[in-house]
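In terms of the numbering used here, the sequence shown is numbered consecutively and its last residue is 168. Here a beta-carbon is modelled for each residue, glycine too, at the ideal position from N, C-alpha and C. Contents: one structure, followed by commentary.
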Amino acid sequence: MVNHISAIYILIKHLKYILTKHLNTKKLKTFISINIRQSNFIKFAFVGSCGLITNLFIFYVSINFLKFNLNISSVLAFIFANFQNYIFNSKWTFVKSNKKIRSKTYIKFLISSLIGIGSNLIVLNTVVFMFGENAKFFGQIFGILSGSIFNYLFSKYFVFEMKK
Numbered sequence: 005m006v007n008h009i010s011a012i013y014i015l016i017k018h019l020k021y022i023l024t025k026h027l028n029t030k031k032l033k034t035f036i037s038i039n040i041r042q043s044n045f046i047k048f049a050f051v052g053s054c055g056l057i058t059n060l061f062i063f064y065v066s067i068n069f070l071k072f073n074l075n076i077s078s079v080l081a082f083i084f085a086n087f088q089n090y091i092f093n094s095k096w097t098f099v100k101s102n103k104k105i106r107s108k109t110y111i112k113f114l115i116s117s118l119i120g121i122g123s124n125l126i127v128l129n130t131v132v133f134m135f136g137e138n139a140k141f142f143g144q145i146f147g148i149l150s151g152s153i154f155n156y157l158f159s160k161y162f163v164f165e166m167k168k
């Protein structure tokens, strides 16, 4: 995970350098610096990326080594990634919400995520139906992406109750 964090940090740093060098305005440099550090959506996306890696790893192991079926593997991967994302989001992304790690908050997060897993399963099964078993990992990726924006907004305004 440290390598992924370093790679993302370097990518953001290079992007910032390219934008500021070519556009060369002090306001843009300040805007980019502040927004990268403070953007809840960027943090949420990063946490989600870590969750994606966890999800795909569990999904891969469940299908290929444990020989679970497609839907059970997807749900199992969801459970692990969801709990990890809840911890990271409550401790880092939405830290200003003053919400502590509590079962009530986790239940709200879980409800939000269950709607996301519904979307995931629909997309996953649609992709596999249309393109065959070989497309199951692409289906899983697109399924995860399908609920990301909804999950962010639901987490921000319902789970962690950030101000609009």
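Next on the checklist: For a cutoff of 8 Å on Cβ pairs, would you count Ile119 as touching chain B?
Outcome noted: Here there is only one protein chain, and chain B is not present.
Next on the checklist: Does Ser123 pass the burial test, meaning 16 or more other C-beta atoms within 10 Å, or should it be called exposed?
Outcome noted: Residue 123 sits at position 119 when you count from the first residue of the sequence shown. Looking at its Cβ environment, which holds 16 or more other Cβ atoms inside 10 Å, Ser123 is buried.
Checklist entry - Gly147: which of Thr109, Ser43, Leu70, Leu56 sits nearest, CA to CA? => result Looking up residue 147 in the sequence shown gives position 143. Cα-wise, what sits closest to Gly147 is Leu56.
Checklist entry - In the region 38-79, which residue ranges form an unbroken beta strand (DSSP E) of at least 3 residues, counting only runs that do not cross its ends? => result none
Checklist entry - Around the Cβ of Gly120, are there at least 16 other Cβ atoms within 10 angstroms (buried) or fewer (exposed)? => result Here residue 120 corresponds to residue number 116 of the sequence shown, with the count starting at 1. So Gly120 ends up on the buried side.
Item to check | Contact set for Phe162: own chain, Cβ-Cβ below 8 Å, skip 5 residues either direction | outcome: On the sequence shown, residue 162 is found 158 positions in, with the first residue counted as 1. Hits under 8 Å: Lys112, Ser116.
Checklist entry - Quick one: what's got a C-beta closer than 8 Å to Val132's C-beta in the same chain, skipping five residues either side? => result The sequence position of residue 132 within the sequence shown is 128, counting from 1. Cβ neighbours of Val132 beyond the five flanking positions: Leu74, Ala139, Lys140, Gly143.
Item to check | Coil, strand or helix - Gly151 by DSSP | outcome: Within the sequence shown, residue 151 is the residue found at index 147, counting from 1. Note: Gly151 maps to coil in three-state DSSP.
Next on the checklist: Considering only the alpha carbon of each residue, which of Leu128, Phe154, Asn44, Asn155 lies closest to Val79?
Outcome noted: Walking along the sequence shown from the start, residue 79 turns up at place 75. Proximity to Val79 across Leu128, Phe154, Asn44, Asn155 peaks at Leu128, based on C-alpha coordinates.
Item to check | Ser117 - containing alpha helix (DSSP H), residue span | outcome: Here the question's residue 117 lines up with position 113 in the sequence shown. Segment 107-135, the alpha helix (DSSP H) holding Ser117.
Checklist entry - Would you report the Cα separation of Leu114 and Thr130, rounded to the nearest angstrom? => result As a first step, residue 114 is located in the sequence shown; it is residue number 110 there, counting from the start. As a first step, residue 130 is located in the sequence shown; it is residue number 126 there, counting from the start. Whole-angstrom Cα-Cα distance: 24 Å.
Checklist entry - Relative to the C-alpha of Thr97, which residue among Leu149, Phe158, Ile46, Val65 is closest? => result Against the sequence shown, residue 97 aligns to sequence position 93. Residue Ile46 is the option with its Cα nearest to Thr97.
Item to check | Integer Cβ distance of Lys160 from Asn44, believed to fall under 8 Å | outcome: As a position in the sequence shown, residue 160 is number 156, starting the count at 1. As a position in the sequence shown, residue 44 is number 40, starting the count at 1. The pair is a contact, with the Cβ atoms about 6 Å apart (cut-off 8 Å).
Next on the checklist: Can you find the residues in the same chain that come closer than 6 Å, C-beta to C-beta, to Ala81, ignoring five residues on each side of it along the sequence?
Outcome noted: Mapped onto the sequence shown, residue 81 falls at position 77. Once the five neighbours on either side are set aside, the close Cβ partners of Ala81 are Asn59, Ile62, Phe63.
Checklist entry - I think Ile67 touches Ser77, with their Cβ atoms under 8 Å apart; what is that distance to the nearest whole Å? => result Counted from its first residue, the sequence shown places residue 67 at position 63. Counted from its first residue, the sequence shown places residue 77 at position 73. Sure, about 5 Å apart at Cβ, within 8 Å.
Next on the checklist: Checking 8 Å against the spacing of the C-beta atoms, do Phe154 and Asn93 come in under that value?
Outcome noted: Within the sequence shown, numbered from 1, the residue matching residue 154 stands at position 150. Within the sequence shown, numbered from 1, the residue matching residue 93 stands at position 89. Against a cut-off of 8 Å, the Cβ pair of Asn93 and Phe154 comes out as no contact.
Checklist entry - In its own chain, which residues sit with a C-beta less than 8 Å from the C-beta of Met166, not counting the 5 before and 5 after it? => result Walking along the sequence shown from the start, residue 166 turns up at place 162. Around Met166: Asn44, Phe98, Lys100, Ser101, Lys160.
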